[in-house]
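To start, the structure under review is shown below, and the notes come after it.
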Amino acid sequence: ALMYITNNYSSFPNLDSILKESDIGLGKMIHKDTPSLLPYTFETSSLENILRTLYITNICSDFTICVENEKILVHKFILGPQWPYFARIMIRDKIHNLKMPISTFKKLILYMYTEELGRLTFRDCGWILTMSEEYCLSEHKRLLSYCQKMVNEGVTTEPWLDVLKVGIEIENEDIQSQALSNVTIPKEMKDITLLLLQMVTDLQTSNKHLREKVDQLEKRSQK
Numbered sequence: 069a070l071m072y073i074t075n076n077y078s079s080f081p082n083l084d085s086i087l088k089e090s091d092i093g094l095g096k097m098i099h100k101d102t103p104s105l106l107p108y109t110f111e112t113s114s115l116e117n118i119l120r121t122l123y124i125t126n127i128c129s130d131f132t133i134c135v136e137n138e139k140i141l142v143h144k145f146i147l148g149p150q151w152p153y154f155a156r157i158m159i160r161d162k163i164h165n166l167k168m169p170i171s172t173f174k175k176l177i178l179y180m181y182t183e184e185l186g187r188l189t190f191r192d193c194g195w196i197l198t199m200s201e202e203y204c205l206s207e208h209k210r211l212l213s214y215c216q217k218m219v220n221e222g223v224t225t226e227p228w229l230d231v232l233k234v235g236i237e238i239e240n241e242d243i244q245s246q247a248l249s250n251v252t253i254p255k256e257m258k259d260i261t262l263l264l265l266q267m268v269t270d271l272q273t274s275n276k277h278l279r280e281k282v283d284q285l286e287k288r289s290q291k
């Protein structure tokens with residue numbers, strides 16, 4: 069990543085000496101003379117921290133993923149080799165039709181940069197497992213193994229209502245059943261709760277699609 073930046077920006081001085089100072093080949097980065105590229109000074113000896121900083125600050129980003137009226141700035145040279153779905157689909161489409169919550173999607177992108185798992189919640193893991201084939205994640209076995217572990221543990225440790233909501237969101241009947249088995253209420257009440265939550269989820273989905281249609285009409289009217 070740093071070599072790419074160096075090839076494209078001459079404002080990163082003394083990179084050779086910086087690289088030699090670190091035990092992993094990436095030493096302290098302090099660029100007080102380049103405020104336009106690095107908005108703050110930081111020190112790190114971790115490649116993970118450097119890649120996280122590239123993603124969070126959008127330094128030298130060269131591609132924009134447009135999803136749900138948001139723009140996510142990324143680096144093709146990082147995501148391309150890491151994520152087949154990005155290389156095959158996203159880089160081709162002007163607007164990406166998101167198949168999971170945007171908060172989960174952003175954490176998934178951060179994982180592609182840093183392989184960081186700690187930020188993923190039970191809900192995130194449920195969505196990632198559900199969409200693993202759609203998003204070409206089969207090669208990321210560490211990610212899928214972690215998510216499976218989180219879901220297996222979460223169905224018994226997370227609040228039953230939260231587990232039930234996730235089960236309905238991702239249309240996983242096993243998770244729904246396990247959530248309802250963790251609460252001692254009459255079966256009739258369980259059925260009513262499941263039905264009401266399903267109705268709420270359907271309404272939220274309908275409202276989302278309606279907002280998207282309204283946004284599309286507004287954009288057309290402005291042209």
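So in the numbering used here, spot 11 of the sequence shown is number 79, and the numbers just go up one at a time.
Cβ atoms here follow ideal geometry from the backbone N, Cα and C, with glycine treated the same way.
This one's a predicted model, so the numbers in the text were calculated from it and none came from an experiment.
Could you check what DSSP says for residue i in three-state terms: helix, strand or coil?
| i | result |
| --- | --- |
| residue 128 | coil |
| residue 123 | helix |
| residue 143 | coil |
| residue 74 | Note that residue 74 has pLDDT 38, beneath the 50 cutoff, so the model's placement of it is unreliable and no number is given. |
| residue 182 | helix |
| residue 200 | coil |
| residue 207 | coil |
| residue 239 | coil |
| residue 114 | coil |
| residue 229 | helix |
| residue 224 | helix |
| residue 189 | coil |
| residue 167 | coil |
Give me, in chain order, the residues of the same chain whose beta-carbon lies closer than 7 Å to that of residue i; leave out the 5 immediate sequence neighbours on both sides.
| i | result |
| --- | --- |
| residue 238 | 194, 195, 198 |
| residue 129 | 141, 142, 143 |
| residue 153 | 203, 204 |
| residue 147 | 154, 180 |
| residue 114 | none |
Thinking just about the alpha-carbon of each residue, which of the options is nearest to the one in residue i?
| i | options | result |
| --- | --- | --- |
| residue 180 | 161, 169, 162, 203 | 203 |
| residue 161 | 171, 169, 118, 135 | 135 |
| residue 170 | 133, 216, 149 | 133 |
| residue 149 | 200, 207, 126 | 207 |
| residue 200 | 156, 168, 125 | 168 |
Mind checking who residue i pairs with in its DSSP beta bridge?
| i | result |
| --- | --- |
| residue 138 | 135 |
Taking Cβ positions, are residue i and residue j nearer each other than 8 Å?
| i | j | result |
| --- | --- | --- |
| residue 166 | residue 185 | no |
| residue 224 | residue 250 | yes |
| residue 178 | residue 123 | yes |
| residue 159 | residue 131 | yes |
| residue 175 | residue 188 | yes |
Can you give me the Cβ contacts of residue i inside the same chain, cut-off strictly under 8 Å, excluding the 5 residues immediately before and after it?
| i | result |
| --- | --- |
| residue 219 | 190, 193, 194, 197, 243 |
| residue 120 | 178, 181, 182, 184 |
| residue 216 | 193, 197 |
Please work out which residues of its chain come closer than 6 Å, Cβ to Cβ, to residue i, disregarding the five sequence neighbours upstream and downstream, and give them in chain order.
| i | result |
| --- | --- |
| residue 229 | none |
| residue 246 | 223 |
| residue 116 | 182 |
| residue 139 | 132 |
| residue 151 | 180 |
| residue 108 | Bear in mind that a pLDDT of 38 at residue 108, under 50, signals an unreliable position, so the number given afterwards is only what the model happens to contain. Once the five neighbours on either side are set aside, residue 108 has no close Cβ partner at all. |
| residue 226 | 190 |
| residue 172 | 192, 195 |
Residue i: beta carbon under 7 Å from a heavy atom of the ligand MN?
| i | result |
| --- | --- |
| residue 237 | The ligand MN is not part of the structure shown, which contains no ligands of any sort. |
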